[in-house]
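Numbering-wise (full-length UniProt numbering), the sequence shown opens with residue 1 and increments by one.
The block underneath contains the structure these notes are about, expressed in structure tokens.
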Amino acid sequence: MTETLRLDRPRDGIMVVTLNRPGRANAMTAQMFEELEHLARSVHHDEALRVVVLTGAGTAFCAGYDLDDAAELPSLGAVGMLKLQELGARALAAVRGIRVPVIAAVNGAAAGGGLALSLAADIRLAAPTAKFNAAFVRIGLSAGDLGTSWLLPRLIGPAAAAEIVYTGRIVEAPEAERLGLVNRVVLAEELLDAALAMADAICANSPAGVEMSKKSLQANMEITSYAAALELENRGQALLTRTADMREALTAFTERRPPTFTGR
């Protein structure tokens, strides 16, 4: 049972996770961090799960850390603040580490920690009303927060990332698409349907193949050696050739029929 998240299963293999504090623009709290981390860990052994779609209730995606709670941060002390910071970092790392693809359907403002949460997804779709803001410097904090300083430059390049985080300016949806911050912009009323259609396209493929592809993409962002990347890819491919899904995919391809995957 979650209080800050709403969980739905619109169809087989797909879970929609909605940040559910619309009265506070889905701003983050310690409880939301705990619930996100617990959810991300709990779905690890859900063999039926193929894709997670992450979105926000109401008109915002996530406005970052709740400023009502932020007013108390200076009184926590160094150790207390570090524990809260580590709680948030664990939550977003757990979301990024979900073994299946995560699609962020960014329906409105994604500021500060909300930007970081969208970056933790594998794919981002945005409504025209989506706005991205590395708001940290505007409240006296650093953009080195919740993975933003690592993920954002890798997504849009270091120069564009530097401008956005140093100025704290708002990036509107069309610019976000040009920069590669989002995969594409779709009409607001079609956003969730577009995310589900993409999820369906992912679900049409081998579960093990998609999962291993995600592992490879993420792991190879963290190494600097082409040789090491090849070694990781070689191991993944060798493992996949031992699965029933690979044999089924090849048979279905030669027979020109849709494959039936078991996830094994």
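Ideal Cβ positions, reconstructed from N, Cα and C, are used throughout, including at glycine.
| Query | Result |
| --- | --- |
| Helix, strand or coil at D68 according to DSSP, with G and I counted as helix | helix |
| Cβ-based neighbour list, V171, same chain, cut-off 8 Å, excluding 5 preceding and 5 following | K131, F132, N133, I164, L179 and L181 |
| N234 (DSSP reduced to helix, strand or coil) | helix |
| Residue environment, I139, which counts as buried when at least 16 other CB atoms sit within 10 Å | exposed |
| For L49: DSSP bridge partner residues | DSSP output for L49 lists no bridge partner at all. |
| For K214, the nearest candidate out of E34, I98 and R21 (CA to CA) | I98 |
| Own chain residues within Cβ distance below 6 Å of E35, not counting five before or after | T2, T4 and L5 |
| Pairwise C-alpha distance: S118 and S149 | 13 Å |
| For G113, three-class secondary structure by DSSP | helix |
| Exposed unless 16 or more other CB atoms sit within 10 angstroms - verdict on D245 | buried |
| When G168, C203 and L152 are compared against A161, the one with the closest alpha-carbon | L152 |
| Collapsed DSSP secondary structure at F253 in the structure displayed | helix |
| Assumed close pair G108, A60 - CB separation to whole angstroms, cut-off 8 Å | 4 Å |
| According to DSSP, residues forming a beta bridge with V43 | According to DSSP, which records beta bridges pairwise, V43 is partnered with nothing at all. |
| Selection from N205, S75, N220 and A78 that minimises the alpha carbon distance to F253 | N205 |
| Neighbour-count burial assignment, V79, 16 or more Cβ in a 10 Å radius | exposed |
| Continuous beta strand (DSSP E) stretch holding M1: start and end | Neither: M1 is in no beta strand (DSSP E) and is coded neither H nor E. |
| Bridge partners - F136, DSSP secondary structure assignment | Paired residue(s): none; F136 is not in a bridge. |
| Terminal residues of the beta strand (DSSP E) in which R124 lies | I123 to A126 |
| Secondary structure of A176, DSSP reduced to three states | helix |
| CB contact check: I98 to chain C, cutoff 9 Å | Protein chains in the displayed structure number just one, and chain C is not present. |
| Length of the line joining the Cα atoms of A89 and R11 | 30 Å |
| Buried versus exposed call for T224 [16 or more other C-beta atoms within 10 Å across all chains shown] | exposed |
| Same chain, Cβ closer than 6 Å to G236, five either side skipped, listed in chain order | M212 and S216 |
| Limits of the unbroken beta strand (DSSP E) element including L19 | I14 to L19 |
| 7 Å Cβ shell around P258 - same chain, five flanking residues per side excluded | A252 |
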